[in-house]
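S.K.: One structure is given below, represented as structure tokens, and several questions about it will come after.
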Amino acid sequence: MFRHTRRMGLRSHGGRARFLTGLSLVLSFVFFLLLLDILVVSNVSQAAGPAGGREREFTITARQFAYSPPRIRVRLGDRVTLRVTSEDVVHGLYIDGYGINAKVYPGQETVVSFVANRPGKIRYRCSVICGNLHPFMIGEVVVGPNYTLWGALALTVLAAGGTVLMLWRRGEEIRDRSEEATDGTA
Amino acid sequence: MAQRSTAIARPILRPPQEVAWRKDLLGYRPVRWLVRQRWLQFALILPNLFVFTIVIMAGFLGTPIGAKNFAIIFVWIVWWALLILVLVPFGARIWCAMCPIPAVGEWMQRRAFILWKPKTFGLARKWPKGLRNLWVANFGFASIALTSAVLTTRPIVTGAVLLGLVIIAAVTHLVFERRTFCRYLCPVGGFLGLYSMAAPVEVRRVDAEVCRQCQFKACFRGSTEASLRVGGVGGYGCPNFEFPGAPMERNTYCLLCTECIKACPYENITIRTRPFFQDLQVEKGRKLDEAYKAFIMLGAAIMYSIVMLGPWGRIKDWANFTSFSGLLLYAAIFLGSILVAAPALHLVFTWLSRVFAGGSRPDLKKLFVDYAYTLVPLGLAGWIAFSFSFVLPNISYALSVLSDPFGWGWDLFGTKGYPWTPYAPHLLPYIQVPTLLLGLVLSIKVGSRWGIPLPGKTSPHPPRPGGRSSPSLHTWQV
Ligand code: SF4
Ligand code: SF4
Ligand code: SF4
Ligand SMILES: [Cu+2]
């Protein structure tokens, strides 16, 4: 029994459950980071405030290679109007998933509007090649309540916990069985 | 092929216990024929060299607008997507078998494009002992990664860096033996090696006993007149300093170049499929330099997601090297997080889990290194998720660039006018989250293997032909 565990790198020892908890901590933490930045990065909308369905208007300036403000927050069902002006060269505004694509000129206001009918983060990006970082010129509309974020986080915890639990139970099962086997041969 | 009379019996090509997941690819005649052809690698390299030449030309001569330049789109979107989404997860370092970067140097060193010649050209020096690790490659990768916002968006920088790599590789081939460049210097090779451990294919010896009795060791030393009288088609000793007969137990440094298959007089090396992430169970060979690669890669994936995909213009300015102070700040943050913060975090959690574990406590450094390998599935998933988020929105540039590679107004295939079309950008989270979750589950699974009793432990199993112990195989079928 010991021979093999040593091969695998670790001595067999007591408190395996806690050991596993420690390990899953390592992994969950890192994963948490990953998920956070890819999906949302600290953009939890305030739960309080009036319900959706309002008219919301934002003035946005575009420059190489970002929009300002970088992130706006609305609520599900709001009608969002963006008034966009460029500070430097010609930019664009393409809203992911809405098929809206407009040009943004210096000193001239472009107005786009859409209904925020998807929870989570809606990205919009520059659609006119405006310089080297053009493909990464991205702005964000966070539509709260952010079900996507909470769903993803819950899934993460579930998946991590579930895997640990499953592996642990399987481990116990195997140990029981091998103990039976040893008893049988003894 | 089989009617040779030798002192040692030829091994059975198919390992006796064929299990689901495990197929001996050389059991298929056409495959066996193909990998024994000397022209195979040349044929793989040639098209890539052609594309590579256009990339370098476009980099230096083409338009400076990245999105309209073949170099940027084909290297950082098309090649990168292929590499991280397909080639590495499914084909290990198969890219290295067709990579044009070391080709020029290797051809000079071998004085041949295709043929096997016993004598090589160049000084054939040995790489200094103290540098026989991944540290140079790690720091090379970290510094290139630091410049990535510039490198991946300015054609001239891409062209210059790639040409620079070719030149360094060529010089290295003339001064040092074999592919010293690929083993110890290439910034790409390090992460290919790390993530190739995940891939479901492997080049391995078949029968340990045949290797033990083999007096040629041609897989490492290369074919000789004597070994050729017994068998083999004339092959170089492993270009990447592996000794497949020793045996080789992980994919990390195998370039899938098939030289050992050609050289082995007993046809004792094969290519097999296998379960994913198998190599992560191999304790032998785990080292701090490789572990660091895992932190660097995971850290870089996280940093890039914030810098490149985030909405913050200031950070993009820093990464774009627009001011010196910004550059310094960015360098400190970027390098600090991938080289210091990520490993430090890992250390803290390793230490914690050691404290929690109680009982006989394993050595902290060993634990630190061992656990780093559990980050491989997660890191790979992180890179796949990150890559989707710039590949899907931008891959449509490839069509227009194909017709007008230099941005000179050509329209070779009539696709120049193809408009920029982001593919399913709003569905990205629904692709990324499951990818990451899968990475997480696999990471935990890989790690838990070391803490949980495994089946088969009480009854000693005979070692498998691959030299791998059976329990790891069982648990994969859970
Ligand atoms: S290690 Fe680097 S240079 Fe060598 S074949 Fe692989 S990618 Fe190419
Ligand atoms: S794999 Fe290498 S050591 Fe084994 S039989 Fe072939 S040449 Fe000899
Ligand atoms: S000679 Fe064999 S072991 Fe060495 S890199 Fe080529 S395929 Fe891999
Ligand atoms: Cu722009």
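These protein sequences, in sequence, are chains R and A. Numbering-wise, the first sequence is residues 1 to 186 according to our numbering. Numbering-wise, the second sequence is residues 1001 to 1478 according to our numbering. Don't be surprised by glycine CBs; every beta carbon is placed ideally from N, CA and C.
1) What residues of chain R sit near A1341(A), judged by a beta carbon separation below 7 Å?
2) I want to check one thing, is the minimum distance from the CB of R1218(A) to the heavy atoms of ligand 2 below 6 Å?
3) Count the other CB atoms, across all protein chains shown, that sit within 10 Å of the CB of S1143(A); report buried if there are 16 or more and exposed otherwise.
4) Under 7 Å between the Cβ atoms of V84(R) and A116(R)?
5) Following a CB-centred definition, is V1161(A) positioned closer than 6 Å to any heavy atom of ligand 5?
6) So with CB distances below 7 Å, who are the chain R contacts of N1394(A)?
7) Please report the residue range of the beta strand (DSSP E) in which E140(R) lies.
8) Please identify the residue among M1303(A), S1325(A) and N1320(A) whose C-alpha is closest to the C-alpha of G1379(A).
9) Mind checking the segment 1049 to 1071 of chain A against chain R and listing, in chain order, the residues whose C-beta falls within less than 9 Å of any C-beta there?
10) If distances are taken between C-alpha atoms only, which option among A1058(A), I1077(A) and P1100(A) comes closest to A946(A)?
11) Could you tell me whether the segment 1421 to 1432 of chain A touches the segment 1360 to 1376 of chain A, using the rule of 3 or more Cβ pairs below 8 Å?
12) So which of K1262(A), V1282(A), T1063(A) and A1398(A) has the shortest CA-CA distance to K1217(A)?
13) Taking all protein chains shown into account, do 16 or more other C-beta atoms lie within 10 angstroms of the C-beta of V1188(A), making it buried, or fewer, making it exposed?
14) Can you find a CB in chain A that lies within less than 7 Å of the CB of E180(R)?
15) Measuring only between beta-carbons, confirm whether H1173(A) sits less than 7 Å from chain R.
16) Nearest-angstrom Cα distance between A1002(A) and A1170(A)?
17) List the DSSP bridge partners of K121(R).
18) Would you report the Cα separation of L1494(A) and I1045(A), rounded to the nearest angstrom?
19) If you draw a straight line from the C-alpha of W1312(A) to the C-alpha of F1191(A), how long is it?
20) Considering only residues of the same chain and omitting the five flanking positions on each side of G53(R), which have a CB-CB separation below 6 Å?
21) Assuming C1211(A) contacts G1234(A) under a Cβ cut-off of 8 Å, what Cβ separation, rounded to an integer in Å, is found between them?
22) Indicate whether at least one CB of chain R lies closer than 7 Å to the CB of N1240(A).
23) Using a Cβ-Cβ cut-off of 7 Å, state whether A102(R) counts as contacting chain A.
24) Please report the straight-line C-alpha distance between G1027(A) and K103(R), rounded to a whole angstrom.
25) Between which two residues does the alpha helix (DSSP H) harbouring L1162(A) extend?
26) Let me make sure I understand the geometry here. Which of A1067(A), L1327(A), I1338(A) and T1224(A) has the alpha-carbon closest to that of T1152(A)?
27) Could you tell me the boundaries of the beta strand (DSSP E) in which R1205(A) lies?
28) So, does the CB of S1196(A) fall closer than 7 Å to a CB anywhere in chain R?
29) Which word fits A47(R), buried or exposed, when buried means at least 16 other C-beta atoms lie within 10 angstroms of its C-beta?
30) For G53(R), return the contacting residues in chain A, with the cut-off set at a CB-CB distance below 7 Å.
31) Does the Cβ of Y1330(A) have 16 or more other Cβ atoms within 10 Å, making it buried, or fewer, making it exposed?
32) Quick one: any contact between the segment 1113 to 1133 of chain A and the segment 1172 to 1187 of chain A, if contact means 3 or more CB pairs under 8 Å?
33) Checking contacts by CB at 7 Å: is V44(R) closer than that to chain A?
34) Would you report the Cα separation of E1209(A) and D1289(A), rounded to the nearest angstrom?
35) If you run the structure through DSSP and keep just helix, strand and coil, what is V164(R)?
36) Among R1032(A), R1110(A) and L1131(A), which one has its Cα closest to the Cα of F1121(A)?
M.R.: Put simply:
1) Those do not exist, as A1341(A) stays about 10 Å from chain R at its closest Cβ, beyond 7 Å.
2) Before going on, a small fix: residue 1218(A) reads as Ala here, not Arg. Yes, Cβ of A1218(A) sits closer than 6 Å to a heavy atom of ligand 2.
3) Burial call: exposed.
4) no
5) Absence of ligand 5 is noted for the structure shown, with ligand 1, ligand 2, ligand 3 and ligand 4 being the only ligands found.
6) P135
7) I138 to G144
8) M1303(A)
9) P1064, I1065, G1066, A1067 and K1068
10) Any property of residue 946(A) remains undetermined from this structure, which presents chain A solely from 1001 to 1478.
11) Because the criterion of three Cβ pairs below 8 Å is not met, the segment 1421 to 1432 of chain A and the segment 1360 to 1376 of chain A do not touch.
12) K1262(A)
13) Buried, since its Cβ has 16 or more Cβ neighbours within 10 Å.
14) no
15) no
16) Annotation note: pLDDT 41 at A1002(A) (below 50); position unreliable, no value reported.
17) V142(R)
18) In the structure as shown, chain A begins at 1001 and stops at 1478. Residue 1494(A) is therefore absent and cannot be evaluated.
19) 28 Å
20) G77
21) The C-beta distance from C1211(A) to G1234(A) rounds to 19 Å, too long to fall under 8 Å, and the pair is not in contact.
22) no
23) no
24) 59 Å
25) That run of the alpha helix (DSSP H) goes P1155 to V1175.
26) A1067(A)
27) Note, R1205(A): beta strand (DSSP E), V1201 to R1205.
28) Output row for S1196(A): interface = no.
29) With a pLDDT of 43 at A47(R), under the threshold of 50, the modelled position of this residue cannot be trusted, and the question is left open.
30) Under the 7 Å cutoff, chain A gives no residues; its nearest Cβ is about 22 Å from G53(R).
31) By the Cβ neighbour-count rule, Y1330(A) is buried, with 16 or more other Cβ atoms within 10 Å of its own.
32) yes
33) With a pLDDT of 44 at V44(R), under the threshold of 50, the predicted position of this residue should be treated as unreliable, and no value is reported.
34) 32 Å
35) helix
36) Residue R1110(A) is the option with its Cα nearest to F1121(A).
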